[in-house]
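*Asks:* Before we start, here is the structure in question, set down as C-alpha cells.
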Amino acid sequence: MIMEGGDLVRLEVLRDNCVFAYIPELETVWGAISLLTKESVHTLCTQLYGQEQISTWKHKYNFLFETYQIMEQIQAMCIMDFILDMQLDEFTLEGFRDAILAMPPEDFVWRQLDLERSPKADKTVLRRALTEDDALDEVYSWLSDGCSSFLAFSAICRQSKRFRTEFFALAEEMRTDRLKMVLQEQEPRIQRMYKTVCEGAQGGDLLEFSQQIMGKTFYNRGPYAQFVFIPSYLIPAKACRYFDIAGEHKRQILFLTLRPTDRSREDTIRTLKAIADPTRYQILTLLAEEGPLRGLDIAKKVSVAASTVSHHMEQMKESGLITEEPVKNSKYYGLSKNTAKALLEDIAKDLQIE
C-alpha cells in the first residue's frame, strides 16, 4: 500500500470487517487532549510548539484547561468517543467540530461524562440540571465519588458549548506547518504499522489480534461488525480503544501510537518500585489468573478496603502495569501483559541473562 497526500484521509479495507486508516486531521485533537492531560506520556507538544506557546494557550483557554482536569477524573479522553459516529473516509476536523457543536447540551454532557454507566442517571433530570440547581445537585451525586469539584462540574454541565468551542479552537491553532512536516516524517512508521495490521487481519480473529496489540484482555468483547485500526503520533497513550455495540456502526476503533516505545532504565526502575509491594504484587497475580476484575471484586479477593485498591491501582497505572475499561457504572482493571513482558525483557537485558 502506498499512502500519499497531505491532510487527506487514507483508508484501506483489508477485509469485509477490517479497516486500516490514517487520519492526519485527528492529530490536533489528540494534541489538544495531550496538553489538557499534562503530557503525562510524552512531551511532543512541548517539542512542537514550545513552552511559551503552550503557556499562552493555557492562559487563553483557562476555562478549558480547568474544566478538563475535572472531566478527566470522570472519563479521560472521552471526547474522542464521538469518532464512532463519523464516516471516516470523508473525515475533516471541521466536520467533527460541527457535529459535536450541533449536539444538544444534555446529549453532549450525557455522553461526555459517560452517565450511561450510572444506574441512577436520568437524562430528564440532566436536562433540568442545565437551569435548575436542585437537579444539578442530583446529577452531581451520581458522580461525586469520582469528581472532586462541584463548581467545575457545574461549569461542564452548564457551559458545555463553551467547552466544546474552546476545545476545537485549541485544536485548530495546533494545526501548523511544523506539525504537518513532522507527520510526513512518520510515513515509514505508518507503513510498518500497516503491514502489522495486514498480517493480523489475515490471522482471522480480530478481537484476539486487538488484545495482543494492547496487551490486555477486554471485558467488553462485542460482537463488533467492524474493526478499525488508526495510527496516531500525538495520542497520549500507547493505545486507546473505543467501541459501540448499540449504535449504527457497531464497531471497534483502536488507535495505536506511532512513537517508538523503547523503555528507559528509569522506566524499568519505576515499574519495579510499583510492584515492590506485597498487595500490589498480589493484585497483579490475581489479574493474571482471572482476567479483568472490578475494583470491589479485587478488594474482596485480596482482603483490603476498596479505597486501598484504588490507591494501588493509581500507583500501577502510572507505570503502565494496569489497564482499565469502563463498563456501565464500573471500571474493570486488567494486567498490561505488554508492560509486564517488556519489564522481564529489560531485566534480562540489563543483567545479561540469556
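If you count the sequence shown from 1, position 125 lands on 110 in my numbering, and the numbers rise without skipping.
Built from N, CA and C at the ideal position, the CB exists for glycine as well.
1. Starting from residue 135, trace the alpha helix (DSSP H) both ways and give me its first and last residue.
2. Specify, as a first and last residue, the run of the beta strand (DSSP E) that residue -4 falls within.
3. Quick one: using the 10 Å Cβ neighbour count with 16 as the cut-off for buried, is residue 281 buried or exposed?
4. At the level of alpha carbons, what is the spacing between residue 40 and residue 20?
5. Rounded to whole angstroms, what's the CA-CA distance from residue 268 to residue 261? Just pull it up for me.
6. To which residues of the same chain is residue 304 closer than 6 Å at the C-beta, ignoring the five residues directly before and after it?
7. For residue 97, count neighbouring Cβ atoms within 10 angstroms of its own Cβ and tell me buried if that reaches 16, exposed if not.
8. Which residues does DSSP list as the beta-bridge partners of residue 196?
9. In terms of alpha-carbon separation, which member of 221, 107, 147, 133 lies closest to residue 16?
10. Excluding the 5 residues flanking residue 273 on each side, which residues of the same chain have their C-beta closer than 6 Å to its C-beta?
11. At what residue ranges does the region 8 to 79 contain a whole run of the alpha helix (DSSP H), taking only runs of 4 or more?
12. Could you please give the first and the last residue of the uninterrupted beta strand (DSSP E) stretch that includes residue 240?
13. Determine the extent of the beta strand (DSSP E) in which residue 224 is found, giving its start and end residues.
14. Does the beta-carbon of residue 155, which I'm using as the reference point, lie nearer than 8 Å to any heavy atom of the ligand NAD?
15. Which same chain residues end up closer than 7 Å to residue 113 when comparing Cβ atoms and leaving out the 5 residues on each side of it in sequence?
16. Going by CA-CA distance only, name the one from 271, 203, 178 that's closest to residue -3.
17. Do residue 214 and residue 4 count as a contact pair if the criterion is CB distance below 9 Å?
18. Please classify residue 190: is it buried, with 16 or more other beta-carbons within 10 angstroms of its beta-carbon, or exposed?
19. Does residue 114 come out as helix, strand or coil in the three-state DSSP assignment?
20. By the three-class DSSP mapping on this structure, what secondary structure does residue 126 have?
21. What residue from 89, 209, 265 has the CA that sits closest to residue 288's CA?
22. Beta-carbon separation of residue 101 and residue 226 under 9 Å?
23. Under DSSP, the alpha helix (DSSP H) around residue 292 begins and ends at which residues?
24. What does the alpha-carbon distance come out to for the pair residue 172 and residue 7?
25. Do the region 194 to 209 and the region 41 to 52 make contact, defined as three or more Cβ pairs closer than 8 Å?
26. Smallest Cα separation from residue 163: which of 123, 2, 195, 12?
27. When you compare each of 276, 153, 127 to residue 79 by their alpha carbons, which one comes out closest?
28. Please report the distance separating the alpha-carbon of residue 72 from that of residue 89.
29. Just how far apart, CA to CA, sit residue 38 and residue 28?
30. Quick one: is residue 0 buried, meaning 16 or more other Cβ sit within 10 Å of its Cβ, or exposed?
31. Assuming residue 55 contacts residue 137 (C-beta within less than 8 Å), just tell me the rounded distance between them.
32. Quick check on the DSSP output: the alpha helix (DSSP H) that includes residue 93 runs from which residue to which?
33. Just to confirm my understanding: we take residue 2, look at its own chain, exclude 5 residues before and 5 after, and list those with CB closer than 8 Å. What are they?
*Replies:* Result, derived from the coordinates:
1. Translated into positions along the sequence shown, residue 135 becomes position 150. Run containing residue 135: 135 to 143, per the alpha helix (DSSP H) assignment.
2. Residue -4 sits at position 11 when you count from the first residue of the sequence shown. Unbroken beta strand (DSSP E) run through residue -4: -5 to 0.
3. For the purposes of this step, residue 281 is taken as residue 296 along the sequence shown, with counting starting at 1. Exposed, because fewer than 16 other Cβ atoms sit within 10 Å of the Cβ of residue 281.
4. Walking along the sequence shown from the start, residue 40 turns up at place 55. Walking along the sequence shown from the start, residue 20 turns up at place 35. Approximately 10 Å between the Cα atoms of the pair.
5. Start at 1 with the first residue of the sequence shown, and residue 268 comes out as number 283. Start at 1 with the first residue of the sequence shown, and residue 261 comes out as number 276. Those two C-alpha atoms are separated by around 12 Å.
6. Residue mapping note: residue 304 aligns to position 319 of the sequence shown, counting from 1. 255, 256, 259.
7. Mapped onto the sequence shown, residue 97 falls at position 112. Classification of residue 97: buried, given that the 10 Å Cβ count is 16 or more.
8. What you label residue 196 is simply residue 211 of the sequence shown in a count that begins at 1. In DSSP, residue 196 forms no bridge with anything.
9. Taking the sequence shown and counting its residues from 1, one reaches residue 16 at position 31. When only C-alpha atoms are compared, the closest one is 221.
10. The sequence position of residue 273 within the sequence shown is 288, counting from 1. Closer than 6 Å at the Cβ level, and outside the excluded window around residue 273, lie 320.
11. 12 to 21, 29 to 34, 36 to 45, 47 to 59
12. By 1-based counting over the sequence shown, the position of residue 240 is 255. First-last of the beta strand (DSSP E) with residue 240: 236 to 242.
13. For the purposes of this step, residue 224 is taken as the residue at position 239 of the sequence shown. Residue 224 -> beta strand (DSSP E) spans 224 to 228.
14. The ligand NAD is not part of the structure shown, which contains no ligands of any sort.
15. Counting from 1 along the sequence shown, the entry for residue 113 is found at position 128. Closer than 7 Å at the Cβ level, and outside the excluded window around residue 113, lie 120.
16. Within the sequence shown, the letter at position 12 stands for residue -3. Here the closest residue by C-alpha is 178.
17. Your numbering for residue 4 matches position 19 in the sequence shown. Your numbering for residue 214 matches position 229 in the sequence shown. Yes; because the gap between Cβ atoms is below 9 Å, this pair is in contact.
18. Within the sequence shown, numbered from 1, the residue matching residue 190 stands at position 205. It counts as exposed.
19. The sequence position of residue 114 within the sequence shown is 129, counting from 1. Helix.
20. By one-based count along the sequence shown, residue 126 stands at place 141. It is helical.
21. Residue numbering aside, residue 288 sits at position 303 when the sequence shown is read from its first letter. When each option's Cα is compared against that of residue 288, the closest is 265.
22. Against the sequence shown, residue 101 aligns to sequence position 116. Against the sequence shown, residue 226 aligns to sequence position 241. Not in contact: residue 101 and residue 226 (Cβ atoms no closer than 9 Å).
23. Locating residue 292 in the sequence shown gives position 307, counting from the first residue. Residues 291 to 303.
24. Along the sequence shown, one-based indexing puts residue 172 at 187. Along the sequence shown, one-based indexing puts residue 7 at 22. So the alpha carbons of these two residues sit roughly 10 Å apart.
25. no
26. The sequence position of residue 163 within the sequence shown is 178, counting from 1. Comparing Cα-Cα distances from residue 163 to each of 123, 2, 195, 12, the minimum goes to 12.
27. Working through the sequence shown from its first residue, we reach residue 79 at position 94. That would be 153, whose Cα lies nearest to the Cα of residue 79.
28. The sequence position of residue 72 within the sequence shown is 87, counting from 1. The sequence position of residue 89 within the sequence shown is 104, counting from 1. Per the coordinates, the alpha-carbon of residue 72 lies some 20 Å from the alpha-carbon of residue 89.
29. Start at 1 with the first residue of the sequence shown, and residue 38 comes out as number 53. Start at 1 with the first residue of the sequence shown, and residue 28 comes out as number 43. For residue 38 and residue 28, the distance between alpha carbons rounds to 14 Å.
30. Counted from its first residue, the sequence shown places residue 0 at position 15. The residue in question, residue 0, is exposed, as its Cβ has fewer than 16 Cβ neighbours within 10 Å.
31. Here residue 55 is taken as the residue at index 70 of the sequence shown, counted from 1. Here residue 137 is taken as the residue at index 152 of the sequence shown, counted from 1. Indeed they touch by this definition, with Cβ atoms about 4 Å apart.
32. Position 108 of the sequence shown, counted from the start, is the residue given in the question as residue 93. Unbroken alpha helix (DSSP H) run through residue 93: 90 to 97.
33. Here residue 2 refers to the residue found at position 17 when the sequence shown is read from its first residue. Same-chain partners within the cutoff: 191, 209, 210, 211, 212.
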